[in-house]
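Chemist: Per mature numbering (1 follows the signal peptide of the UniProt record, and there is no 0): the sequence shown = residues -17 to -1, 1 to 143. Okay, handing you the structure first.
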Amino acid sequence: MRFAVVCSILLGALVSAAPIASPAASDNASGLMSRSEVVERSGEQEELETRAAKLTLAAGKATYKGRATWYAQDGNAGSCGKYNRDSTIIVAVNSPQVNGGSHCGRYVTIMNTSNKKIIRARVADECPGCGYGSLDLSTAAFKKLGSLDTGVLPIKWQWS
């Protein structure tokens, strides 16, 4: 009973605190967001996700240092058995840390230590040629951290 009362109070507080949209507050009479507003908000969302990733990276978990390289999927399944596109944000973990495939599907948070850009990527493959602490990123993941022309980036990362 107490739980229901607390939930009712919290729900009431949320409803009363929620802003009410009015057509006057928008440029169009329908009250719907324009394409430019959607694009602007998606940029804000990406910034918030980056901030959240930074907080996660700094949360005191074990942090690994190495280098990031990139690879193309070329229509091949990774060692985790799934086919991914080059546009998918995925990573191949070095053999010493891949733990026999038990990390397939887990996420890592990766920071380029040169420019402080951060991404979160899903483990989808193993990188036999990568040293301990190093990762091989999909082209899309690598582009979010730096230029493909660079080829190699200094990184630190954590399991998310």
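Yeah, the Cβ is synthetic: ideal placement off N, Cα and C, and Gly gets one too. Small disclaimer: the values here were computed from a predicted structure and weren't measured.
#1: May I have a chain-ordered list of the beta strand (DSSP E) segments no shorter than 3 residues that lie completely inside the segment 63 to 107?
#2: If you drop the 5 nearest sequence neighbours on each side, which residues of the same chain put their C-beta closer than 7 Å to that of Pro111?
#3: By the 10 Å Cβ neighbour count, where 16 or more other Cβ atoms means buried, how is Leu131 classified, buried or exposed?
#4: What distance in whole Å lies between the Cβ atoms of Trp53 and Val91, which are believed to be in contact at a cut-off of 8 Å?
#5: Within the same chain, show all residues whose beta-carbon is closer than 6 Å to that of Asn67, passing over the 5 residues directly before and after it, in chain order.
#6: Use the C-beta contact count for Gly114: other C-beta atoms within 10 angstroms, 16 or more gives buried, fewer gives exposed.
#7: Could you tell me which residues DSSP pairs with Asp119 in its beta bridges?
#8: Tell me Pro137's beta-bridge partners as DSSP assigns them.
#9: Measure the beta-carbon distance from Lys139 to Thr46 and round it to whole angstroms, keeping in mind my assumption that it falls under 8 Å.
#10: Here's a check: name, in chain order, each residue in its chain whose Cβ is nearer than 7 Å to the Cβ of Lys65, leaving out the five neighbours to either side.
#11: Give a yes or no on whether the C-beta atoms belonging to Gly49 and Ser117 are separated by under 8 Å.
#12: What three-state label does DSSP hand Ala60 in the structure shown?
#13: Measuring only the C-alpha atoms, how far is Gly83 from Cys63?
Modeler: Checking against the coordinates, here is how it stands:
#1: Counting whole runs of 3 or more residues, the segment 63 to 107 contains the beta strand (DSSP E) stretches 73 to 77, 90 to 95.
#2: The sequence position of residue 111 within the sequence shown is 128, counting from 1. Excluding sequence neighbours, Pro111 sits near Ser78.
#3: As a first step, residue 131 must be located in the sequence shown, where it is residue number 148. So Leu131 ends up on the exposed side.
#4: Sequence index remark: in the sequence shown, residue 91 carries index 108 (1-based). Sequence index remark: in the sequence shown, residue 53 carries index 70 (1-based). Trp53 and Val91 do not touch by the CB rule: their CB atoms are close to 15 Å apart, not below 8 Å.
#5: Translated into the one-based positions of the sequence shown, residue 67 becomes position 84. Cβ within range, chain order: Gln56, Ile73, Ala107.
#6: On the sequence shown, residue 114 is found 131 positions in, with the first residue counted as 1. With fewer than 16 Cβ atoms within 10 Å of its Cβ, Gly114 is classed as exposed.
#7: The count along the sequence shown starts at 1 and reaches residue 119 at position 136. Answer by DSSP bridge pairing, in chain order: Thr52, Ala75.
#8: Your numbering for residue 137 matches position 154 in the sequence shown. DSSP lists Arg50 as partners of Pro137.
#9: Within the sequence shown, numbered from 1, the residue matching residue 139 stands at position 156. Within the sequence shown, numbered from 1, the residue matching residue 46 stands at position 63. That pair is a contact at about 5 Å.
#10: Mapped onto the sequence shown, residue 65 falls at position 82. Excluding residues within five positions, the ones whose Cβ falls inside 7 Å are Ala107.
#11: As a position in the sequence shown, residue 49 is number 66, starting the count at 1. As a position in the sequence shown, residue 117 is number 134, starting the count at 1. Yes; because the gap between Cβ atoms is below 8 Å, this pair is in contact.
#12: Position 77 of the sequence shown, counting from 1, holds the residue named residue 60. It is a strand residue.
#13: In the sequence shown, the residue the question calls residue 83 occupies position 100. In the sequence shown, the residue the question calls residue 63 occupies position 80. Straight-line Cα distance between these residues: approximately 10 Å.
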